[in-house]
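These notes are about the structure you will find just below.
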Amino acid sequence: MASKDDLAFANALADAAGEVIRPCFRRRIAVVDKSGGEAMFDPVTEADRRAEEVIRLLIARERPDDGVLGEEFPETKGTSGRTWVIDPVDGTRAFITGNTQWGTLIALNEAGIPTIGILDQPVLRERFTGNGDAAEMRSPAGTQKLETRACAGLSEAVVMTTHPWNYFDVSEQAAFRRLVDGCLLSRFGGDCYAYGLLAMGFVDLVVEARLKPWDIQALIPIVQGAGGIVTDWRGGPCTDGGRVIAAGDARAHAAALKILAG
454 MASKDDLAFA
464 NALADAAGEV
474 IRPCFRRRIA
484 VVDKSGGEAM
494 FDPVTEADRR
504 AEEVIRLLIA
514 RERPDDGVLG
524 EEFPETKGTS
534 GRTWVIDPVD
544 GTRAFITGNT
554 QWGTLIALNE
564 AGIPTIGILD
574 QPVLRERFTG
584 NGDAAEMRSP
594 AGTQKLETRA
604 CAGLSEAVVM
614 TTHPWNYFDV
624 SEQAAFRRLV
634 DGCLLSRFGG
644 DCYAYGLLAM
654 GFVDLVVEAR
664 LKPWDIQALI
674 PIVQGAGGIV
684 TDWRGGPCTD
694 GGRVIAAGDA
704 RAHAAALKIL
714 AG
């Protein structure tokens, strides 16, 4: 299981990435389309690549037996049974448009389970951390325990997704629309930051599809540590990504699953 040293190291990785990323934000930097124009626009910047590089260098130096799975570079296999799963800038579209709803994601995966998660917003200097049992957020205002809020049903629920059609196929769009029609309020955008808002108790549901492991693994211990639930659309595990639903209350989760899995 993860130790205090593991958490301290994860925080050091986030610190190092933040030092690289902050000078690039709201600056005129080059944006490359990783799709090559053959699929949906998939941007990457020097902030993404340099941040992942510095994280990988620190892991290679301090934890050489651990593996690394990240978005921008090939996977590095380890021998310890532990893998650091990283997304240097989750929400690059928000990043390149000057929006602050993005973050650096760092997870420690042990035997297939993410045991530590960090969501760091280095410009706002907000850092969400969780270990599945507890979660907190550190900011310039101090440290606060994270707790999801009660939500008895969909009629009381605020639901978020990053984009209401870009990441859903036709059937997923229809299912999501049925869900939204029963909810109190829907908001779009957010990427990883939406899960932080859920852990803080401002959002009740986050629904996504087409996620990769580095998009979700760091967020699972944070949401669970705050008292929430993270599954796929059928209620199963989602560490590999794909279709994901996060909920702050088990009642709202169960109601959403009935619609999404139908």
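Reading the sequence shown from the start, the letters are residues 454 to 715 in this note's numbering.
Even for Gly, the Cβ is constructed at its ideal location relative to N, Cα and C.
Taking C-alpha positions only, W618 is separated from V633 by approximately 13 Å.
By the CB criterion at 8 Å, D486 and F478 fall outside the cutoff. Nearest neighbour of L637 by Cα position, chosen from A652, E625, H616 and G606, turns out to be G606. Here DSSP, grouped into helix, strand and coil, assigns Q554 to coil. Under the three-pair Cβ rule at 8 Å, the stretch 640-658 counts as touching the stretch 672-686.
Contact between D657 and D702 holds, with the beta-carbon distance rounding to 7 Å and staying under 8 Å.
Here the C-alpha atom of P593 lies approximately 12 Å from the C-alpha atom of Q574. The Cβ-Cβ distance between D459 and I569 falls below 8 Å. For R631, the enclosing alpha helix (DSSP H) begins and ends at V623 to D634. The beta-carbon distance between R640 and V683, rounded to whole angstroms, is 19 Å. This is too long to meet the 8 Å contact definition. Under the three-state reduction of DSSP, M590 is assigned to strand. Rounded to the nearest angstrom, the Cβ distance from E515 to R535 is 12 Å, too far for a contact under 8 Å.
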